[in-house]
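Novice: Let me begin by handing over the structure; questions about it come next.
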Amino acid sequence: MKIYRPKKNRPKITVIGGGTGLPVILKSLKEKDADVTAIVTVADDGGSSGALRKMFNTVPPGDIRNVLASLSEIPNVQRKIFQYRFESEDKTLDGHSLGNLIILATSEMYGSIYQAIQLLAKMMHVDGHVYPAAEEPLILHARYTDGTTGSGESQIARPDKTIDYVSVSTTSDDGLPVKPAKKVVSSIRDADMVVLGPGSLYTSILPTLMIPEVGQAIVETEAQVLYISNIMTQMGETEGMSDAGHVDVLCKHLGKDFIDTVLVNNADVPEDHVAKISTDEYLYQVEHNFKGLQEKVPLIISNNFLNITDAGVYHNGDKVVEEILRAASFNHRE
Numbered sequence: 003m004k005i006y007r008p009k010k011n012r013p014k015i016t017v018i019g020g021g022t023g024l025p026v027i028l029k030s031l032k033e034k035d036a037d038v039t040a041i042v043t044v045a046d047d048g049g050s051s052g053a054l055r056k057m058f059n060t061v062p063p064g065d066i067r068n069v070l071a072s073l074s075e076i077p078n079v080q081r082k083i084f085q086y087r088f089e090s091e092d093k094t095l096d097g098h099s100l101g102n103l104i105i106l107a108t109s110e111m112y113g114s115i116y117q118a119i120q121l122l123a124k125m126m127h128v129d130g131h132v133y134p135a136a137e138e139p140l141i142l143h144a145r146y147t148d149g150t151t152g153s154g155e156s157q158i159a160r161p162d163k164t165i166d167y168v169s170v171s172t173t174s175d176d177g178l179p180v181k182p183a184k185k186v187v188s189s190i191r192d193a194d195m196v197v198l199g200p201g202s203l204y205t206s207i208l209p210t211l212m213i214p215e216v217g218q219a220i221v222e223t224e225a226q227v228l229y230i231s232n233i234m235t236q237m238g239e240t241e242g243m244s245d246a247g248h249v250d251v252l253c254k255h256l257g258k259d260f261i262d263t264v265l266v267n268n269a270d271v272p273e274d275h276v277a278k279i280s281t282d283e284y285l286y287q288v289e290h291n292f293k294g295l296q297e298k299v300p301l302i303i304s305n306n307f308l309n310i311t312d313a314g315v316y317h318n319g320d321k322v323v324e325e326i327l328r329a330a331s332f333n334h335r336e
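Each number in my numbering corresponds to the 1-based position in the sequence shown with 2 added.
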């Protein structure tokens, strides 16, 4: 068993994911003075991002917008303007975030989503690095346990189907392997720690991991790989799945037990609150299977990571990051 110390006093932490959970963790990491890199999924095809993706055949900007905002050090009023979502009778703009349009415009001006993000990161005084998982929009494909298939990030979660495996392709569907964006692979290989999540298992985390060079880098990196287990199950994705089940799915997709550390919430979400927030997407609290986790993961860190609000149940970013930084001081991969 080897001990792996951070290369510098400021630990280099690369976080992979998308959705609402990623910015929460990034904001807390920035406040704790970590050297943060965010690799953001580009398979989203719903909402404002999906509409812009379809109209302009562009990388969906929504998750990128939220990540830039979470790592930005601009004043709050400027951040609110960037995050503003139009409410208009004109359906052309209604529902779109101003930041999404700015990312789209900058990408069109410079002919590259990668260059657009780097320019906006400078303009917004981002403390860290932000990279799209790929420099072109990806299509997420699902194979279900009954042998049928489906495509589209917003379409593959179905109440009548169980996902068995997911993969990604480019919109050109030329049969060639999907290529990662610049610096994505190096940021995984050079990190002290790679953090997966929190986020939807099949639609926020796995789309990036299924880019061949990314998956290979994660399996081969000397960095500690830490997975933040979800608190709630999701319709069409993880109903009835324990925390160990989530880990099993990740390891199955990469063909190896590659996770060094898993963070699991051990506090109960009040039943009345579960009923209050239950929607077509979020269902029940993820059940614990510590025996199953022990068979796959060397280190299991459990704590009360709950942040319960009227809008839902989320991870407490500060508590999660406290455990991340504690774990980042060593590596226990054999």
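Glycine included, every Cβ here is placed at the ideal spot set by N, Cα and C.
#1: Flag this pair as yes or no: are the beta carbons of ALA45 and LEU198 separated by less than 8 angstroms?
#2: Is the Cβ-Cβ distance between VAL315 and MET243 less than 8 angstroms?
#3: What residue from LYS185, ILE158, ILE83 and ASP162 has the CA that sits closest to TYR116's CA?
#4: Roughly how many angstroms lie between the CA atoms of GLU215 and ASP92, to the nearest whole one?
#5: Out of ARG55, ARG67 and LYS34, point me to the one whose CA is closest to VAL42's CA.
#6: Would LEU54 and ASN102 be called neighbours here (beta carbons separated by less than 8 angstroms)?
#7: Give me the DSSP bridge partner(s) of GLY19.
#8: Have a look at HIS255, LEU28, LEU265 and ILE213 and flag the residue whose alpha-carbon is nearest the alpha-carbon of ASP65.
#9: Reducing DSSP to helix, strand and coil, say where GLN236 ends up.
#10: With a 10 Å radius around its C-beta and 16 neighbouring C-beta atoms as the bar for buried, classify ASP176 as buried or exposed.
#11: Taking DSSP as the reference, what is the three-state secondary structure of ASP96?
#12: Confirm, please, whether the CB-CB distance from VAL180 to THR173 is below 8 angstroms.
#13: Pairing CB atoms from the stretch 283–301 with CB atoms from the stretch 220–236, are three or more of them under 8 angstroms?
Specialist: The relevant details are as follows:
#1: Locating residue 45 in the sequence shown gives position 43, counting from the first residue. Locating residue 198 in the sequence shown gives position 196, counting from the first residue. No, the Cβ-Cβ distance between ALA45 and LEU198 is not below 8 angstroms.
#2: Along the sequence shown, one-based indexing puts residue 315 at 313. Along the sequence shown, one-based indexing puts residue 243 at 241. In this structure, MET243 does not lie closer than 8 angstroms to VAL315 by Cβ.
#3: Numbered from 1 along the sequence shown, position 114 holds the residue referred to as residue 116. Ranking LYS185, ILE158, ILE83 and ASP162 by Cα distance to TYR116 puts LYS185 first.
#4: Position 213 of the sequence shown holds residue 215. Position 90 of the sequence shown holds residue 92. Whole-angstrom Cα-Cα distance: 43 angstroms.
#5: As a working note, residue 42 is residue 40 in the sequence shown. Cα-wise, what sits closest to VAL42 is ARG67.
#6: Position 52 of the sequence shown holds residue 54. Position 100 of the sequence shown holds residue 102. Yes, Cβ-Cβ distance for LEU54 and ASN102 is below 8 angstroms.
#7: Here residue 19 refers to the residue found at position 17 when the sequence shown is read from its first residue. DSSP lists VAL42 as partners of GLY19.
#8: Here residue 65 refers to the residue found at position 63 of the sequence shown. ASP65 has its Cα closest to that of LEU28, out of HIS255, LEU28, LEU265 and ILE213.
#9: Position 234 of the sequence shown, counting from 1, holds the residue named residue 236. Strand at GLN236.
#10: The count along the sequence shown starts at 1 and reaches residue 176 at position 174. Counting Cβ neighbours within 10 Å, ASP176 comes out exposed, since fewer than 16 surround it.
#11: Taking the first residue of the sequence shown as 1, we reach residue 96 at position 94. Residue state, collapsed to three classes: coil.
#12: Numbered from its first residue, the sequence shown carries residue 173 at position 171. Numbered from its first residue, the sequence shown carries residue 180 at position 178. No, the pair does not count as a contact, with Cβ atoms beyond the cut-off.
#13: yes
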